[in-house]
Every structure is written in C-alpha cells, then in structure tokens.
Amino acid sequence: MSAIRGERRADVGTAEGGCREPAHAVNEVFGLLGKRWNGLLIAALMAGPGHFAELRRSVPGISERMLSDRLSELAEAGLVTREVHNGPPLRVSYRLTEAGEGLRPALAELTRWAEAHLVGGDRCPRIDT
Numbered sequence: 001m002s003a004i005r006g007e008r009r010a011d012v013g014t015a016e017g018g019c020r021e022p023a024h025a026v027n028e029v030f031g032l033l034g035k036r037w038n039g040l041l042i043a044a045l046m047a048g049p050g051h052f053a054e055l056r057r058s059v060p061g062i063s064e065r066m067l068s069d070r071l072s073e074l075a076e077a078g079l080v081t082r083e084v085h086n087g088p089p090l091r092v093s094y095r096l097t098e099a100g101e102g103l104r105p106a107l108a109e110l111t112r113w114a115e116a117h118l119v120g121g122d123r124c125p126r127i128d129t
C-alpha cells in the first residue's frame, strides 16, 4: 500500500538498465540536482554554452574549486560536456549534452510549481521550454 490514499502501488516493472521503483529514480535525480550548485549550473547552461569564468559569475558565491568539482561531476553524469579551445589563450567551455537539455521541461515545470507554491517563488529564475 502506498501512503497516498491507501491505494496499492502498481508494479512498474523495469526498463533495461532502469530503476524498478519510481521513488528510486526520483531519489537519484534529486540526489544529483539537489546537490548545492548543480541545479544552478544546469540552469545557467540552459541559456547556452559558457566558459568557466562566465559560469562562475553567473552562480554567485561558488568558489573556483567547487565550480570545477561540480562541472566534473555533471560531466561524469553525462549532463555536461567540456570542450577545450586551443589558445592562446587556452579556453574551456561547457555545454549541456542532449541528456542535460532533456531536463529543460522538468526544470521549467518545477519553476512553475515553485512560483505557485513556495513563499518567494516569484523570485525564481524562469526556465522556458
């Protein structure tokens, strides 16, 4: 029985390589996106590719070390790609992968929900679909 109105939860089965329980998938995605700075970095990259310094300016309060760590983590998760541009000066840019872009509708919906239900939600940055 689920906690929602005492209904039985249907067995959702498993997609190849997928999660058996929907709650597990939700935990996985919020575990990654809910980490401090990750959601903000993805939102910043939804505006388009950015260089390291641009991303640091667009996410106030993040240190260079933390920015580097979070970008590496997002790249390892397959959401961000890192591109090195030969110099001089040598520059590195970051962009969302197809999987990262696939978050756009979900983040737009979460933004709408926050605006409607959270105190101060009208201050949330808008993510358009």
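Heads up: the sequence shown at position 96 corresponds to 96 in the UniProt record's numbering, and the numbers run straight through without jumps. Virtual Cβ for every residue (Gly too), placed ideally from N, Cα, C. Note that the structure is predicted; figures quoted are calculated from it, not measured.
Nearest-angstrom beta carbon gap, residue j and residue i [assumed within contact, 8 Å]
{"i": "G50", "j": "A44", "result": "6 Å"}
{"i": "L74", "j": "N38", "result": "6 Å"}
Reduced DSSP category for residue i - H, G, I as helix; E, B as strand; rest coil
{"i": "S93", "result": "strand"}
{"i": "G102", "result": "coil"}
{"i": "G61", "result": "coil"}
Unbroken beta strand (DSSP E) run spanning residue i, endpoints
{"i": "R82", "result": "80-85"}
For residue i, the first and last residue of its enclosing alpha helix (DSSP H)
{"i": "I42", "result": "38-45"}
{"i": "E21", "result": "Looking at the DSSP string, E21 is not in any alpha helix (DSSP H), and its letter there is neither H nor E."}
Residue i classed as buried or exposed, judged by whether at least 16 other C-beta atoms fall within 10 angstroms
{"i": "V80", "result": "buried"}
{"i": "R70", "result": "buried"}
Bridge partners - residue i, DSSP secondary structure assignment
{"i": "G34", "result": "Per DSSP, none; premise fails for G34."}
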